Structures are given as structure tokens and as C-alpha cells.
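So the sequence lines, in the order shown, correspond to chains X and Y. Going letter by letter, the first sequence gives residues 1 to 285 in the numbering used here. Going letter by letter, the second sequence gives residues 1001 to 1285 in the numbering used here. Don't be surprised by glycine CBs; every beta carbon is placed ideally from N, CA and C. Just so it is clear, the structure is predicted and the values come from calculations on it, not from any experiment. First comes the structure, then the notes that go with it.
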Amino acid sequence: MIPQSPARESSTERADAESVVAAKGLVLGYGERIVLHGLDIEIPRGQFLVVVGPSGSGKSTFLLALNGSVPVRSGSLVVLGRNPSTLHGSSLERFRERIGFIFQSFHLVGRLPVLHNVASGMLSRIPIPQAILRMYTRDQYRKILEALRVVGLEDRVLDRCDRLSGGQKQRVAIARSIVQEPDLILADEPISALDPRSADRVMETLRRASTEFGITVVCNLHHLEAARKYADRIVGLNEGRVVFDGPPRELTPSAVKAIYKGDSDPEDAPDPLHGEETPSPPSAA
Amino acid sequence: MELEELRRRTHPLRPANLGILGGGLLVLGVCWHQTGMGVMELVAGSGNMWEYLRGNPEVPDSGFFPPNLSGKMLGRYLLAMLETVQMALLALVISVVVAFPLSFLASRNTLEIIFPGHSSFWKTLRAAIYTSVRFFANFTRSINEVIWALLFVSAVGLGPMPGILALGLHTSGVLIKLFSEGIEGVSRDPIDALAATGAASPKIIRYAVIPQITPYLVSMSLYRLESDLRSATILGFTGAGGIGMLLFDKLKSYENGDVTTILILIVATVAAIDRVSAFIRSKAS
């Protein structure tokens, strides 16, 4: 396991003492449009939470609010002991140091080798002159290699990212989050762009990172089978409201039906883990 | 949409396209007429061109062919050509050193990274910096190298130095424009990914922006090296050193065999630099 620096340990201890995320009556929106209506949720440390729901149900907006990218309209939101909406400048930077973010389209620099893409996750702890020269300490190299071991890509450390497959790129993105030593990882549709085998590998990797390092994960997914297989807890959103909140075994066909109620084209999201064998959410209901 | 309506709106010869084509042709026609362009004049006068190349039979060695390849003169021309290459190289270094940092201040996307903030103060600051740097770039590149060279000759006297300074200043303006256009075209995704980790702006630029634009910067810089080399030959006419001074001298004294030798050297040098540039570009991609 990647040892945490003293400063990180103290922040982790703080996170231990409280829920990593606590929202009460949380309302989020853009301009006139309300996207999330009065969300109440608590996420304890170490939980692997999957948020499911049709497109436009508010999943991504919720994730963006957690790292302070979308302001809170009303209600309260506490993430890692802070209200993200009140943070600006360096305080927001310090807050985001504790949160890893995994994007659907990887957001890597294709021309850079895996090494520097992973290292970019620890930029907040690298002094500017070192960062400009892309010079790392032995300890930083060790952490990068350890993270690449966890995601199974230690032998690709010097390969350029644009020469990797989609699944490998997403695993590099996970390694980037691991070296950040976050208390919380937010993953927005991390397997939507992947084939079933790569998707399975990415979800396994994310789950292992969560388990090995005790990182809380909030992951948006379109794929119910993946949610059932990897989540500790599933939250279902429909039109900005929580319509399901429970362990995977309680995600019954009627619950799925409630989550995807009114979804005009639910079949646009085939399950990459099981291809056509898995029925789309409404028909599973 | 009705078939006829669709056809009418997408037909390549629809009235709007014909209007643009007609307007363009009209502008070209006016330019052609007002500048006194004419094919017949060129055909009728082409004989004079051959006369000029053959030289005046009453003046010995006034023809352009054969080139003067006497060892003493060739050595002198080679040294002058080397001096011209040195001028172009030093001018390029000066212009890159000036343009590289300023181009980040002439790009809207990187200005938002360097000076984040949504208040009117930050918006005004960004606009002021952007406008100032763009004005500097426009000013320096709008004034021809020859004019800059005359100014610098008056300041530091004859020789390569005023030529280097003139080329460096003019090319700075060109490169700020070219670099900033490249920077504004980079993908936003890696920038968002690093901003989400709380990385500070210099590190975001180093890890997410510079790697994306490196091949473009190298390509543009090498193009300008070739361009500066050609310009440096003309700058010699102002007394700013290099092979241009000899070229001007030989043209004035109708030693056209020597002029041909110099022109062959210039073409060979530009071709050689083109080969070296292609090799460097292939390594930088």
C-alpha cells in the first residue's frame, strides 16, 4: 500500500471521524433549470457507492458539486468536512487535492508517457521547479510504480498514452487518482466508452483501489450489472430525485423500473460488461 | 423537411453560394485591374528577361551563367552564408524566448488558467493583458524586418547584430500569433483533469498544455528559421551583415556570375535546413 505523508494522514483521520459526504436537502441546477431536487445522502468512509439513472437525471451534476465545480443552490453539502461551494482559489485547490476524478473520456495527454500522466495526479505535492522539469523523487517514482502495479500497467510506464487501448487509458487515469492519495474518488461514467472486457477490468481495478487504500468511491454508471457486481450501495436517480437507495441485492426489477421511468430511449446504453445478453434496464424490470 | 426544400437548401449552386463566388470574383477583378496585372505584358517582355540573364555582350562577365566558382570567392561566400545561418539561428532563439511565455498571455484559455476568477476585476485584468500582448505582437510583426534593421543599424552600426535584432523582434510578433493560435486549440480535457486534482496553474500548463502543443511549436519555429534565413539574405541590403551584403554588392556591380553562385548557395542552404527541419519534426511529433 502507498504510505501516506503525515499531512495526508491527518486529513484522513479527519475524514474518518465523519461521513465523507453529507448532503441535506441539496438542490443543484444551472441557471433557471433545477437538476437535483432536495437530495439527502450520507456516504461513510470506504464505501463504494454507485449512482445509476437515465441521462439527465442529475448524476454528473451531483459529482461535479462534490468537487466544488457546481455551486449549491440550496440545502447543505459537506464533503470531507468542507462546504465546497464556499471554497475559492488556494482553499479550493487544497480541497481538490483530496479528491480524485475519473472521467469518461480519460482526460490524459496522449503525447506524454504513462509515467508523466500518472505523476500529474501528485502535482499538488510537487514543487513548481520540479514540476517544470518533470523531476521526481525516489519516493514519488515508487508511488507511481506502485499505483501502476495496482492497475496492472507497470510494464507500460514509458509508453505514450496515445498508444494504449481505451481500457488501459482508463486504468492509467485510475493510477493517476491513486497517486493523488485521495480520500474520495469521483468516477463519471468510467466504462461507457469501453468494450465489455475492458470495462470489467476497469471496474475491478477501481474496486481494488478502493479496497486496498480505503478510498471512498462515488461512481456514476449506466450499466446496472456493473453496479450490482461492484457496488456496496446503489443510489438510483430519476429526474433529480432519489428513487432507490440500498445494497445491490435490493435492486429489484420494480426498483429498476422506478429509476428508468420515463426514459425515452433506455436502450442507448447497452451493458458493456455483458453485451447483448444483459437486458436493458426497463426490460430487466 | 420536404425533398425539394432540402435540395434547395443544400444544393452547391444555391443563390447564397453563387453570391459569395460572384463577390469574390468581383474583388479579384478589381484588384487585377487596379494593379495593372496582365498576361500579355509578361509574354511580350519575356525576351528582355532572357537578355538580362544572358548579360550585356559589351560588359565582360555580366551574364548570370556560368556561375563564378573560383575557389577564393566561393570560400568567401560560404563564410558569409554561414554568418547568415548564424544570424537566423540567433534571431530564432531570441524570438522563441520572447514569444513562448508571451503566447500564454495571448491565449484566452491559458489566461483563464493563470488568472482564474469570475469577478469583473479578473475579467478586466485578463482582457487588458490579452489586448496588450496581442498589440505588441501585431506591432512588431506589422513592421517589416528591413525597417527594423535600418533602425537597429542606426543604433548599433553595420554588421550582423542589427540584422539579428531586427529578425528576432519581427519573428517574436509572428510567433506570438502562431503559438497562441496553437495554444487556443488544445484539448480542454487534460486541463480539467489536472484542475480537478487541485494543481496550480504553472503545473497545469506544464503537464496539460505544453505537451499538447510541442509538435506545433517545433514545427512553427522551424518554419520561421527557414523564413528568417531567407529574410536575412535581404537584410544584408541594409548593411546588416551576412550573404545579403555580398549579394547586394554583386548585383550593383553587375557581377552576375557571382550573383548566381550566391543564389545557388542560398537555395542549397534552405534545402538543407528543410531536410534537418523535417527530421526534427518527425522526432517531435
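Quick check: residue i and residue j, are their CB atoms within less than 8 Å of each other?
| i | j | result |
| --- | --- | --- |
| residue 186 of chain X | residue 168 of chain X | no |
| residue 151 of chain X | residue 205 of chain X | yes |
| residue 215 of chain X | residue 182 of chain X | yes |
| residue 57 of chain X | residue 246 of chain X | no |
| residue 1233 of chain Y | residue 1084 of chain Y | yes |
| residue 1140 of chain Y | residue 1172 of chain Y | yes |
| residue 218 of chain X | residue 43 of chain X | yes |
| residue 21 of chain X | residue 70 of chain X | no |
| residue 1114 of chain Y | residue 1201 of chain Y | yes |
| residue 40 of chain X | residue 23 of chain X | yes |
| residue 138 of chain X | residue 1198 of chain Y | no |
| residue 1221 of chain Y | residue 1092 of chain Y | yes |
| residue 1205 of chain Y | residue 1195 of chain Y | no |
| residue 193 of chain X | residue 105 of chain X | yes |
| residue 1087 of chain Y | residue 1241 of chain Y | yes |
| residue 235 of chain X | residue 49 of chain X | yes |
| residue 1252 of chain Y | residue 1258 of chain Y | no |
| residue 1224 of chain Y | residue 1175 of chain Y | yes |
| residue 1264 of chain Y | residue 1067 of chain Y | yes |
| residue 1276 of chain Y | residue 1230 of chain Y | no |
Reducing DSSP to helix, strand and coil, say where residue i ends up.
| i | result |
| --- | --- |
| residue 113 of chain X | strand |
| residue 82 of chain X | strand |
| residue 241 of chain X | strand |
| residue 1257 of chain Y | helix |
| residue 4 of chain X | Residue confidence for residue 4 of chain X is low, a pLDDT of 45 falling below 50, so the modelled location carries little weight; the figure read from the coordinates is stated next. Three-state DSSP puts residue 4 of chain X in coil, outside helix and strand. |
| residue 1214 of chain Y | helix |
| residue 221 of chain X | strand |
| residue 1262 of chain Y | helix |
| residue 48 of chain X | strand |
| residue 216 of chain X | strand |
| residue 1179 of chain Y | helix |
| residue 261 of chain X | coil |
| residue 21 of chain X | strand |
| residue 136 of chain X | coil |
| residue 153 of chain X | coil |
| residue 158 of chain X | coil |
| residue 1042 of chain Y | helix |
| residue 14 of chain X | Its pLDDT being 43, under 50, residue 14 of chain X is placed unreliably in this model, and the coordinates cannot settle the point. |
| residue 1009 of chain Y | helix |
| residue 1014 of chain Y | coil |
| residue 126 of chain X | coil |
| residue 1186 of chain Y | coil |
| residue 26 of chain X | strand |
| residue 89 of chain X | helix |
| residue 236 of chain X | strand |
How far does the beta strand (DSSP E) with residue i in it reach, from first residue to last?
| i | result |
| --- | --- |
| residue 1062 of chain Y | Taken as a continuous stretch (DSSP letters only), residue 1062 of chain Y belongs to no beta strand (DSSP E), as it is neither H nor E. |
| residue 37 of chain X | 33–43 |
| residue 184 of chain X | 184–188 |
| residue 191 of chain X | Neither: residue 191 of chain X is in no beta strand (DSSP E) and is coded neither H nor E. |
| residue 100 of chain X | 99–102 |
Give every residue of the same chain whose Cβ lies closer than 7 Å to the Cβ of residue i, excluding the five residues on either side of it in the sequence, and list them in chain order.
| i | result |
| --- | --- |
| residue 176 of chain X | 117, 118, 120 and 121 |
| residue 67 of chain X | 84, 96, 99, 101 and 186 |
| residue 1217 of chain Y | 1179 and 1182 |
| residue 1 of chain X | Interpretation of residue 1 of chain X is limited by its pLDDT of 43, a score under 50 that renders its predicted location unreliable; the figure taken from the coordinates is listed afterwards. So the qualifying residues of the chain are 212 and 213. |
| residue 261 of chain X | 238 |
| residue 1016 of chain Y | none |
Less than 8 Å between C-beta atoms, sequence neighbours within five positions excluded: which residues of the same chain meet that for residue i?
| i | result |
| --- | --- |
| residue 1112 of chain Y | 1126 |
| residue 131 of chain X | 123 |
| residue 14 of chain X | Residue placement at residue 14 of chain X cannot be trusted, given a pLDDT of 43 that sits under 50; what the coordinates show is reported in the next sentence. Correct list, in chain order: 80 and 81. |
| residue 273 of chain X | Because the pLDDT at residue 273 of chain X is just 45, under 50, the model does not fix this residue reliably, and the value given afterwards should be weighed accordingly. Within the same chain, residue 273 of chain X has close Cβ partners 191, 196, 199, 200, 203, 223, 225, 226 and 229. |
Looking at the secondary structure, which residues open and close the alpha helix (DSSP H) in which residue i lies?
| i | result |
| --- | --- |
| residue 72 of chain X | Unbroken run through residue 72 of chain X: none, as it is neither H nor E. |
| residue 1192 of chain Y | 1189–1195 |
| residue 1151 of chain Y | 1145–1156 |
| residue 1129 of chain Y | 1120–1142 |
| residue 1243 of chain Y | 1243–1252 |
| residue 1115 of chain Y | That residue, residue 1115 of chain Y, is in no alpha helix (DSSP H); it is neither H nor E in DSSP. |
| residue 247 of chain X | First-last for residue 247 of chain X: undefined, no H or E at that position. |
Given residue i, which residues of its chain have a CB within under 6 Å of its CB, disregarding the five upstream and five downstream residues?
| i | result |
| --- | --- |
| residue 1064 of chain Y | 1053, 1256 and 1260 |
| residue 184 of chain X | 20, 99 and 216 |
| residue 1014 of chain Y | none |
Quick one: is residue i near chain C, going by C-beta distance under 8 Å?
| i | result |
| --- | --- |
| residue 1008 of chain Y | No chain C appears in this structure, whose protein chains are X and Y. |
Contacting positions in the segment 1184–1204 of chain Y - beta carbon closer than 7 Å to chain X: Within the segment 1184–1204 of chain Y, the residues whose Cβ lies closer than 7 Å to some Cβ of chain X are 1189, 1190, 1192, 1193, 1194, 1196, 1197, 1198, 1199, 1200, 1202 and 1203, listed in chain order.
Proximal residues, the segment 1211–1239 of chain Y versus chain X, C-beta separation under 8 Å: 1211, 1212, 1214 and 1215
Cβ-based contacts, 9 Å cut-off: residues of the segment 1109–1137 of chain Y near chain X: 1116 and 1117
Residues from the segment 137–167 of chain X in contact with chain Y, defined by Cβ distance under 8 Å: Within the segment 137–167 of chain X, no residue has a Cβ that lies closer than 8 Å to any Cβ of chain Y.
Where the segment 170–187 of chain X meets chain Y: residues whose CB sits under 9 Å from a CB there: 173, 176, 177, 180, 182 and 186
Interfacial residues, the segment 125–137 of chain X to chain Y, with Cβ spacing under 8 Å: 126, 128, 131, 132 and 134
Near-chain Y residues of the segment 216–236 of chain X - C-beta to any C-beta below 8 Å: Listed by position along the chain: nothing, the set is empty.
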